[in-house]
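Heads up, the thing below is written out as structure tokens.
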Amino acid sequence: MAMRFCILGSGSSGNAALLVTEGARVLVDAGFSARKLGTLLAAAGESLEKIDAVFLTHEHGDHSAGIDGLKKFPHIRLFANQATARMVQAGLGHRPDWQIFETGARFRFRDLEVESFAVPHDAQEPVGFRFTSGRDGDLFAPRRSLAWLTDLGHAPQNVRECIRECEVVVVEANHCPELLRADPKRPWSLKQRISGRHGHLSNDAARELLADVASPRWRRVYLTHLSRDCNSPAAVDLALAGVRAALGACEFAIVGPGEGTPFYELV
Ligand SMILES: [Zn+2]
Ligand SMILES: [Zn+2]
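First residue of the sequence shown: 0, per numbering that gives the first Met the number 0; consecutive thereafter.
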């Protein structure tokens, strides 16, 4: 088995996922309190004691809220670029074991190859990730990649290239444009920010991205970070109908707001 992956929770109330390889157990983002992360991990048969590292995409609370509580787990290394680390550190009473990377650089953590890439979003220096593990030709641990792509207003070419060479893609489908427009709770300025070039991908933007890249390597695509008020799994499903047919062999997992997923084993 190359890797196992599950989403612990997704949406504006918090985002975190667990990636397990032969040699590493890492979280992608930690947008829940440490207590809640512990509960979510326990439901997956895991625990914070066993987590080796957290990879942070950006400083927004729905991705970093758990960092403060992780002080009780000082063995966990915290990977982020300088700008994100500085923003998160400003809100902490302790100094975690920061592992600073340069956006765009490739590096190794145990048996994981990690690549970060810049994404357009209203944060200091937000990134997406591509994690690769395994070896070409190895029957038991073949080389496999997973791309993580949430919180971006649009998908530039570098992002499209990065998700092409992956077996698993996690991409946001944040809002349905009609539901966002009709939402009575959000002021116009916030709606502009969400739907802007540095906001979040709409269902239509996610469909356009998937249809444009449509890689034959994809085995599973997760649609995540759904807005509770301005989206629904049914709206995502409807928006994606065309691209699903074009990617017949690929599984789609639409992750409802506040929900997680069972483990997916990537062999
Ligand atoms: Zn977010
Ligand atoms: Zn964000």
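All C-beta atoms in this analysis are idealised placements derived from N, C-alpha and C, irrespective of residue type, glycine included.
Given a cut-off of 8 Å on the beta-carbon distance, is the pair residue i and residue j in contact?
i: Ala15; j: Gly8; result: yes
i: Leu47; j: Ala33; result: yes
i: Val169; j: Ala205; result: no
i: Cys5; j: Phe251; result: no
i: Val118; j: Gly127; result: yes
i: Asp203; j: Pro186; result: no
i: Asp135; j: Asp182; result: no
i: His59; j: Ala104; result: no
i: Gly259; j: Leu39; result: yes
i: Arg142; j: Gly152; result: no
i: Arg216; j: Glu164; result: yes
i: Ala140; j: Ile162; result: no
What does the alpha-carbon distance come out to for the pair residue i and residue j?
i: Ile66; j: Met86; result: 12 Å
i: Arg129; j: Glu166; result: 11 Å
i: Gln88; j: Ala244; result: 45 Å
i: Ala213; j: Lys71; result: 43 Å
i: Arg218; j: Ala234; result: 22 Å
i: Ile253; j: Glu21; result: 27 Å
i: Leu26; j: Leu179; result: 30 Å
i: Glu101; j: Phe78; result: 10 Å
i: Lys184; j: Asp150; result: 21 Å
i: Ala154; j: Leu200; result: 8 Å
i: Ala172; j: Ser194; result: 12 Å
i: Val266; j: Pro232; result: 27 Å
i: Ile230; j: His174; result: The sequence as given places Asn at residue 230; Ile does not occur at that position. Spanning the two alpha carbons is a distance of roughly 5 Å.
i: Gly295; j: Gly247; result: Within the shown structure, residues of the chain are numbered from 0 to 266, placing residue 295 beyond reach of any answer.
i: Leu208; j: Gly44; result: 34 Å
i: Asp137; j: Ser188; result: 52 Å
i: Pro73; j: Gly10; result: 27 Å
i: Ala41; j: Leu222; result: 24 Å
i: Trp97; j: Leu148; result: 22 Å
i: Ile99; j: Cys249; result: 35 Å
i: Val268; j: Ile75; result: Beyond the ends of the chain as shown, which are 0 and 266, falls residue 268; an answer cannot be given.
Can you list, in chain order, the residues of its chain with a C-beta nearer than 6 Å to that of residue i? Leave out the 5 residues immediately preceding and following it.
i: Asn157; result: Phe116
i: Arg3; result: Val19, Phe262 and Glu264
i: His62; result: Asn14, Asp28, Gly30 and Thr56
i: Leu239; result: Arg206
i: Leu91; result: Asp67
i: Thr131; result: Glu112 and Ser144
i: Ser12; result: Gly257
i: His93; result: Lys70
i: Arg192; result: Gly198
i: Pro95; result: Leu77
Looking only at its chain, what residues have a beta carbon closer than 8 Å to the beta carbon of residue i, apart from the 5 residues adjacent to it on each side?
i: Gly241; result: Arg206 and Ala210
i: Glu124; result: His57, Asn80, Gln81, Ala82, Thr83, Thr102 and Ala117
i: Arg196; result: Pro119, Gly152 and His153
i: Arg107; result: Val113
i: Gly37; result: Ser46 and Leu47
i: Asp268; result: This structure cannot settle anything about residue 268, because the visible part of the chain is limited to 0 through 266.
i: Lys190; result: Leu179, Arg180 and Asp182
Check the C-beta distance from residue i over to residue j and give it rounded, since I have them as a contact under 8 Å.
i: Leu225; j: Gly255; result: 6 Å
i: Asp51; j: Ala23; result: 5 Å
Less than 7 Å between C-beta atoms, sequence neighbours within five positions excluded: which residues of the same chain meet that for residue i?
i: Asp110; result: Thr20, Glu21, Gly22, Ala23 and Ser132
i: Lys49; result: Arg24
Is the closest heavy atom of ligand 3 to the C-beta of residue i under 7 Å?
i: His62; result: Here the bound small molecules are ligand 1 and ligand 2; ligand 3 is not part of this structure.
Whole beta strand (DSSP E) runs in the stretch 0-27 with 3 or more residues, listed along the chain?
-> 2-8 and 15-19, all fully within the stretch 0-27.
Taking the runs of the beta strand (DSSP E) that are 3 residues or longer, which of them lie wholly in the stretch 87-133?
-> 96-99, 105-108, 111-117 and 126-132
Which ranges does the beta strand (DSSP E) cover as unbroken runs of at least 3 residues, wholly within the stretch 185-211, from first to last along the chain?
-> none
Taking only runs that begin and end inside the stretch 232-256, name each unbroken beta strand (DSSP E) of 3 or more residues, in chain order.
-> Runs of the beta strand (DSSP E) lying entirely within the stretch 232-256, each at least 3 residues long, are 250-253 in chain order.
Unbroken beta strand (DSSP E) runs of length 3 or more, entirely within the stretch 20-67: which are they?
-> 24-29 and 52-54
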